[in-house]
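Asker:
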Amino acid sequence: MIKVRVSPEELATLQMHSTRTELARWMRESCLNPGQTDLVRDLRGAAPAADPALLRQLASIGNNLNQIARKMNTAEWGAVDRVQVIGALAGVERELAELRALHK
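Residue 6 is where the sequence shown starts when you use our numbering, and the numbers rise one by one after that.
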């Protein structure tokens, strides 16, 4: 037996989409039937398309962060350099948090 916790809103959504009077039976049929469409996609809608240029920029940022992390873990940089980099990264983190808040 599996127990699943859902919020009241999620329960209402599941009940609204259920094609059966027994929610548990509908969920088993929906999840275990390989011919079913993706239930999550059906309930939430299609994922928004991502801008390819944005994805390339994000990948580039990730690569740069990896390079910084490698340098931080070597003896190439002194303590002052490391403190400056950490300060700059903290600023980037704040800006990213602001961007995330705008796009929720």
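Backbone N, C-alpha and C define an ideal beta-carbon position, used for all residues, glycine too.
Can we count Met21 as close to the ligand FMN, meaning its CB is less than 7 angstroms from some heavy atom?
Answerer: The ligand FMN is not part of this structure, which contains no ligands at all.
Asker: Using the Cα positions of Ala106 and Gly96, report the straight-line distance between them to the nearest angstrom.
Answerer: 16 angstroms
Asker: What whole-angstrom Cβ distance do Ile73 and Val85 have, given they're in contact under 8 angstroms?
Answerer: Not confirmed; about 16 angstroms, so no contact.
Asker: Please state whether DSSP places Ala106 in a helix, a strand or coil.
Answerer: helix
Asker: Tell me whether Trp142 sits in a helix, a strand or coil according to DSSP, three-state version.
Answerer: The chain is shown from 6 up to 109; residue 142 falls before or after that span and cannot be answered.
Asker: Secondary structure at Met77, three-state DSSP: helix, strand or coil?
Answerer: Correct three-state label for Met77: helix.
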